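Written below as structure tokens is the structure these notes are about.
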Amino acid sequence: MIGFLVAGLVIGALARLIVPGRQRLGILATLALGLVGSLIGGLIAQFFGTGDIWELNVLGFVLAVVAAVLLIGVAESIAGRNHRAVR
1 MIGFLVAGLV IGALARLIVP GRQRLGILAT LALGLVGSLI GGLIAQFFGT
51 GDIWELNVLG FVLAVVAAVL LIGVAESIAG RNHRAVR
């Protein structure tokens with residue numbers, strides 16, 4: 001379980017590095033989006049038959065980072081929309 005949390009944090013951090021610009025997400029949001037991204041990537045990799053969702057494999061890792069990048073983009077657009085509405 002601790003390994004899963006660390007992997008989610010690493011995936012979230014990589015995704016934040018890939019997304020251009022400054023993000024207004026905290027460390028907990030990064031961890032959560034990284035965990036969700038790793039679950040999505042693992043499920044897609046399992047669908048393609050490259051291994052189990054809980055195994056670390058290259059395809060699952062790449063898909064997890066891509067999913068986390070997309071999730072961070074969505075979260076930023078929602079946060080940006082809410083931030084503009086408050087002003």
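Sequential numbering of the sequence shown, starting at 1, is according to full-length UniProt numbering.
All C-beta atoms, glycine included, are put in the ideal place defined by N, C-alpha and C.
The model shown is predicted, which means the values in this text are computed figures rather than measured ones.
So what's residue i in DSSP terms, helix, strand or just coil?
{"i": "V69", "result": "helix"}
{"i": "R16", "result": "helix"}
{"i": "G21", "result": "coil"}
{"i": "I11", "result": "helix"}
Along the chain, where does the alpha helix (DSSP H) that runs through residue i open and close?
{"i": "T30", "result": "I27 to F47"}
Is the separation between the beta-carbon of residue i and that of residue j shorter than 9 Å?
{"i": "G26", "j": "G8", "result": "no"}
{"i": "V36", "j": "A68", "result": "yes"}
{"i": "G49", "j": "V62", "result": "no"}
{"i": "I72", "j": "R22", "result": "no"}
{"i": "V19", "j": "E76", "result": "yes"}
Relative to the C-alpha of residue i, which residue among the options is closest?
{"i": "L5", "options": "L17, T30, P20 and V62", "result": "T30"}
{"i": "V65", "options": "A45, G21, R22 and L28", "result": "A45"}
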